[in-house]
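Colleague:
Take a look at the structure:
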């Protein structure tokens, strides 16, 4: 099981140093969250809290995850990065293809594209994109981005996007993995059908086990059960080595954590305190040898 350090809602000026430390202490990946803006009043409830409230406010810092991946990739050599997840629905697929391809090339294929739809109507409407039929639009976006990233002269004629022959160069030398987020049945089917992995929001181990089981059945339904597939999980109720062993036994391939939160620190804690937490976490889990037992 791999370990990923999430940089959710932390000060932007800490990111590059956190990437350096993550690589030094042995983390496999950095997870990069996405938020376009904070609307004062949201027309929809946030789907990943019990009461629908957002876990951040208007002053919480966010950075474009693709730009962050490029900056952090420039100061590392083995650490991987993936968006967790980028909200596709309000964006343009050709622009995204250019950005994703650029990051993949600049990081020497150390980038994975975690994708979702987006939950807030304002993020669509204020960016000039209809909120209705957003799922079908995102399905087509994924198809377009994959097509363009594969390289060569391509064309596409769909319901939402239409273009004649074009080429973006250079194409990444390896396929960019796509990780699909979301917990609904439609999202899980999307992950099983077109994803190289699935990424969770906060879930219990029981919920993760049920979801992994559903995804494995769906992958078999689509004839993809023999293809590599990652299960990236944020688990809220399994801690310690025994807890992490349980997650690995469930099939989790990538445990997403925020080490300083385990030490009772806030998202905006000083950089040196976060680095100390990362080192302690690595000593306890990454280098303890429990996965070799």
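In our numbering, the protein residues as written are 551 to 843.
Glycine included, each C-beta is placed from N, C-alpha and C at the ideal position.
Only a predicted model underlies this, so the values are computations on that prediction, with no experimental measurement involved.
1) Tell me which same chain residues have a C-beta within less than 6 angstroms of the C-beta of residue 775, skipping the five on either side of it?
2) Exposed or buried, what is residue 810 when buried is set at 16 or more other beta-carbons lying within 10 Å of its beta-carbon?
3) Pop quiz: residue 661 and residue 631 are said to be a contact at Cβ under 8 angstroms. What is the actual Cβ separation, rounded to whole angstroms?
4) Quick check: residue 593 and residue 671, are their CB atoms within less than 8 angstroms of each other?
5) Measuring from the CB of residue 568, is there a heavy atom of the ligand ATP at a distance below 7 angstroms?
6) Would you tell me roughly how many angstroms separate the C-alpha atoms of residue 604 and residue 572, rounded to the nearest one?
7) Can you give the beta carbon distance from residue 762 to residue 800, rounded, assuming they're within the 8 angstroms contact cut?
8) Out of 588, 626, 737 and 552, which has the shortest C-alpha to C-alpha gap to residue 612?
9) Of all the beta strand (DSSP E) runs that stay within the bounds of the stretch 670-736, which reach a length of 3 or more residues?
10) Using CA atoms only, rank isn't needed, just tell me which of 663, 748 and 634 is closest to residue 647.
11) At a cut of 8 angstroms, does the stretch 712-729 reach the stretch 740-747 through at least three beta carbon pairs?
12) What number of angstroms, rounded off, separates the C-alpha of residue 759 from the C-alpha of residue 668?
13) How about residue 555 and residue 802: do their beta carbons lie closer than 8 angstroms?
14) Since residue 651 and residue 722 are thought to touch, with beta carbons under 8 angstroms apart, how far apart are those beta carbons, to the nearest angstrom?
15) Taking its Cβ as the centre, do 16 or more other Cβ atoms sit within 10 Å of residue 562, making it buried, or is it exposed?
16) Below 8 angstroms, can you find three or more Cβ-Cβ pairs linking the stretch 608-628 to the stretch 574-584?
17) Please identify the residue among 552, 565 and 551 whose C-alpha is closest to the C-alpha of residue 824.
18) What did DSSP end up calling residue 633 once you bin it into helix, strand or coil?
19) Under 8 angstroms, do residue 656 and residue 701 count as touching if we go by C-beta distance?
20) Tell me the DSSP secondary structure of residue 782 in three-state form.
21) How would you call residue 778, buried or exposed, if buried means at least 16 neighbouring beta carbons within 10 angstroms?
22) Assuming contact is defined by CB atoms lying nearer than 8 angstroms, are residue 732 and residue 666 in contact in what I supplied?
23) What does DSSP give as the partner residues of residue 804 in its beta bridges?
24) Just the Cα atoms here: how many angstroms apart are residue 676 and residue 682?
Modeller: Judging by the given coordinates:
1) Shown here for residue 775: same chain residues with a beta carbon closer than 6 angstroms to its own, the five before and five after excluded, namely 769 in chain order.
2) Classification for residue 810: buried.
3) Going by Cβ atoms, the distance from residue 661 to residue 631 rounds to 5 angstroms, so yes, they are a contact pair.
4) Yes.
5) The ligand ATP is not part of the structure shown, which contains no ligands of any sort.
6) Straight-line Cα distance between these residues: approximately 28 angstroms.
7) Between residue 800 and residue 762 the Cβ distance is about 6 angstroms, and since that is below 8 angstroms, they are a contact.
8) Ranking the options by Cα distance to residue 612, first place goes to 588.
9) Inside the stretch 670-736, DSSP marks whole beta strand (DSSP E) runs of 3 or more residues at positions 704-707, 712-716 and 728-731, from first to last along the chain.
10) The residue with the shortest Cα to Cα distance from residue 647 is 663.
11) With the rule of 3 Cβ pairs closer than 8 angstroms, the stretch 712-729 counts as touching the stretch 740-747.
12) Those two C-alpha atoms are separated by around 24 angstroms.
13) It is not a contact, given that the beta carbons lie outside the stated cut-off.
14) Indeed they touch by this definition, with Cβ atoms about 6 angstroms apart.
15) Exposed, since its Cβ has fewer than 16 Cβ neighbours within 10 Å.
16) These segments touch.
17) Nearest C-alpha to residue 824: 565.
18) Strand, per DSSP.
19) Taking 8 angstroms as the Cβ cut-off, residue 656 and residue 701 do not qualify as a contacting pair.
20) Three-state result, residue 782: strand.
21) So residue 778 counts as exposed.
22) Contact flag set, yes.
23) DSSP, once it has assigned bridges, lists 552 and 782 as partnering residue 804.
24) Take the alpha-carbon of residue 676 and the one of residue 682: they are about 14 angstroms apart.
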